[in-house]
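Written below as structure tokens is the structure these notes are about.
Numbering (the UniProt record's numbering), first residue to last: 1 to 120.
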């Protein structure tokens, strides 16, 4: 669980990102990294894992990133959820993927979407 001092920043990220995510067809969104841990500095980026409607392409992802950057005034690192789920075949890429997954698994991982108000 992040330190209490980090909760306002986390709440701000959740409040700002949820409507933008819905607007851009994002169906799942999770905060991880230094923001979720409560160890962020003034120059830290916002790390998000996302899932998007299959009908959306990379331009929608970049528009989502740009909108988040404009609202949060930070760089945005977006990782597609499928990157965590589909094993890489190249040994080097697989090792990078495994390292990333282990890093994310150390948590915390804060679910933004779907939220309890979303239809399942």
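A virtual CB, placed ideally from N, CA and C, is assigned to each residue, including glycine.
The beta carbon of residue 12 lies closer than 8 angstroms to those of 72 in the same chain, with the five residues before and after it left out. With the rule of 3 Cβ pairs closer than 8 angstroms, the region 54-64 does not count as touching the region 82-94. Cβ-Cβ separation between residue 26 and residue 113: approximately 6 angstroms, consistent with a contact (criterion under 8 angstroms). The straight-line gap separating the alpha-carbon atoms of residue 10 and residue 29 is approximately 13 angstroms.
If you keep only unbroken beta strand (DSSP E) runs of at least 3 residues inside the region 69-120, you get 76-80 and 110-113. Pairing residue 65 with residue 49 gives a Cβ-Cβ distance that is not under 8 angstroms. Residue 28: not part of any alpha helix (DSSP H); member of the beta strand (DSSP E) spanning 26-32, first to last residue. Taking 8 angstroms as the cut-off, the Cβ atoms of residue 84 and residue 32 do not count as close. Judged by their CB atoms, residue 44 and residue 34 are nearer to each other than the 8 angstroms cut-off. The Cβ-Cβ distance between residue 7 and residue 67 does not fall below 8 angstroms.
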